[in-house]
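In the numbering used here, the protein residues as written are 166 to 508.
Some notes on the structure that comes next.
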Ligand SMILES: Cc1cc2nc3c(=O)[nH]c(=O)nc-3n(C[C@H](O)[C@H](O)[C@H](O)COP(=O)(O)OP(=O)(O)OC[C@H]3O[C@@H](n4cnc5c(N)ncnc54)[C@H](O)[C@@H]3O)c2cc1C
Ligand code: SF4
Ligand code: SF4
């Protein structure tokens, strides 16, 4: 079993990267485990949403951290290695990591930071056409389209979408699903994407269906309100119209009447949900399935019930890139304090 690292960080996204870099800056050796071949996590795939100026989406902070982690001598980066088991052992933590060929490596350290992130909500079970109609996509998929194409294109024909509907709070703030939390990032992130689309295509019309707008006063001001309509209603279902348009129906909040409109593209703003992997790893460490209780709770912290085990970023609840980075710095400091207390 390899040792020599003082801390193991599981997950190489915004949180894991900054936890590892902060520890290295403090002179502490780290093993950073990432199951994918590339570091960066979910936000490593996001587009720059700058229009005529930066809109502070945070995406470019990831590439800077990935580059730094590759150069940092105190950070041993193991990409393509999934943590398949983590347990307490000999006063520290033992993690079993497997590569894509099933070859395993055991790693031991004094402290462990779980930064294994979140899962985007899967909207396939909703009646909004996701997985059935090509032109119904998630906000996560739109990030990837924007990064690749630098424009909002319809998947059915790769033509720029002229009419777009964003539907917010998909999989969040939903008592039926037991997801009572607000995912924090989907209002600002979708409005940034809408603003970028409007800046690129002056003909584009965007309807933004929402329950409540969180964390986004700046983006609302930046949006071209002539072409952006905010509608306080959530369409209940979607059907396929002519030319693969998506017809949405909703109750108009002002008139109380049923409205219908066909859109070139519908973007479902899926929320941040607990990752099954984080849940599994945490259960193995604590002996109980505690993530559902922690996730999205306002009272959460980087500490866990186990001394020396910390959690950071979206592994413990929805937060932005900037908040995940700050959370991870705190977890790194707490890991340092914990190790000093053991000397
Ligand atoms: C559609 C969408 C758009 C968003 N847009 C923005 C935005 O514009 N601005 C913003 O600030 N925030 C945005 N966010 C939030 C942002 O994605 C998160 O704040 C950020 O990704 C959190 O980073 P993280 O490291 O905690 O988790 P993640 O990004 O999920 O990273 C976790 C990492 O852990 C790895 N991992 C998981 N399990 C294991 C394991 N067993 N072994 C090894 N590695 C493992 C994963 O592969 C991943 O690389 C958005 C979120 C969504 C869903
Ligand atoms: S913060 Fe976002 S909008 Fe600003 S430059 Fe970086 S990637 Fe672009
Ligand atoms: S950030 Fe907006 S879209 Fe996301 S859950 Fe909160 S209110 Fe809903």
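C-beta: ideal position from N, C-alpha, C; glycine also.
Practice prompt. Mark residue 497 as exposed unless 16 or more other C-beta atoms lie within 10 angstroms of its C-beta, in which case mark it buried.
Written response: buried
Worksheet item: Do residue 359 and residue 393 come within 8 Å of each other at the CB atom, strictly closer than that value?
Response: yes
Discussion item. Ligand 1 and residue 191: does any heavy atom of the ligand fall closer than 7 Å to the residue's C-beta?
Written reply: no
Practice prompt. Put residue 167 into one of helix, strand or coil per three-state DSSP.
Written response: Note that residue 167 has pLDDT 47, beneath the 50 cutoff, so the model's placement of it is unreliable and the number below is only indicative. DSSP places residue 167 in strand when its eight states are reduced to three.
Fill in: Coarse secondary structure for residue 491, derived from DSSP in three states
helix
Worksheet item: Roughly how many angstroms lie between the CA atoms of residue 501 and residue 188, to the nearest whole one?
Response: 8 Å
Worksheet item: Would you call residue 166 buried or exposed, if buried means 16 or more other Cβ atoms sit within 10 Å of its Cβ?
Response: The predicted position of residue 166 is uncertain, since its pLDDT is 47 and thus under 50; no value can be drawn from it.
Worksheet item: How about residue 280 and residue 195: are their beta carbons less than 8 Å apart?
Response: no
Worksheet item: Does the stretch 234-243 come close enough to the stretch 197-204 that 3 or more CB-CB pairs lie under 8 Å?
Response: yes
Discussion item. Quick check on residue 456: buried or exposed, where buried means 16 or more other Cβ atoms within 10 Å of its Cβ?
Written reply: buried
Item to complete: Go through its chain and collect everything with a Cβ distance to residue 355's Cβ below 6 Å, but skip five positions before and after it.
Response: 304, 331, 434
Practice prompt. Between the Cα of residue 338 and those of 278, 326, 269, 377, spot the shortest distance and give me the residue it belongs to.
Written response: 377
Worksheet item: In chain order, what residues of the same chain have a beta carbon less than 6 Å from the beta carbon of residue 288, not counting five sequence neighbours either side?
Response: 295, 335, 433, 435
Discussion item. Just to confirm, is the Cβ distance from residue 277 to residue 474 under 8 Å?
Written reply: yes
Worksheet item: Is residue 285 near ligand 1, with its Cβ less than 7 Å from a heavy atom?
Response: yes
Practice prompt. Quick one: using the 10 Å Cβ neighbour count with 16 as the cut-off for buried, is residue 214 buried or exposed?
Written response: buried
Worksheet item: Does ligand 3 have a heavy atom nearer than 7 Å to the CB of residue 396?
Response: no
Worksheet item: Under 8 Å between the Cβ atoms of residue 465 and residue 478?
Response: no
Practice prompt. Report the residue ranges of all alpha helix (DSSP H) runs contained in full by the stretch 207-289; include only those spanning at least 4 residues, in chain order.
Written response: 225-236
Worksheet entry | Contact test: residue 291 Cβ vs ligand 1 heavy atom, cutoff 7 Å | no
Item to complete: Rank 220, 266, 250 by C-alpha distance to the C-alpha of residue 521 and give the top, closest one.
Response: This structure does not reach residue 521, given that the chain is present from 166 up to 508, and the question cannot be answered.
Worksheet item: What are the partner residues of residue 398, as DSSP defines its beta bridges?
Response: BP columns for residue 398 are empty, so no partner.
Fill in: Residue from 231, 181, 220 whose Cα sits closest to the Cα of residue 353
220
Fill in: Contained beta strand (DSSP E) runs [length at least 3] in the stretch 391-451, N- to C-terminal order
393-396, 402-405, 411-416, 423-428, 430-435, 437-439
Discussion item. Taking 8 Å as the cut-off, does the stretch 317-325 touch the stretch 365-374 (at least 3 CB pairs, one atom from each stretch)?
Written reply: yes
Fill in: CB-CB length for residue 208 against residue 486, believed under 8 Å
5 Å
Item to complete: Measure from the alpha carbon of residue 271 to the alpha carbon of each residue in 248, 265, 176, 255, then state which is nearest.
Response: 248
Practice prompt. Check whether the Cβ of residue 436 lies closer than 7 Å to any heavy atom of ligand 3, and answer yes or no.
Written response: yes
Discussion item. Taking the straight line between their C-alpha atoms, what separation do you get for residue 461 and residue 443?
Written reply: 14 Å
Worksheet item: Which residue's Cα is closest to the Cα of residue 451: 439, 468, 463?
Response: 468
Worksheet item: Is residue 430 closer than 8 Å to residue 329 when the C-beta atoms are compared?
Response: yes
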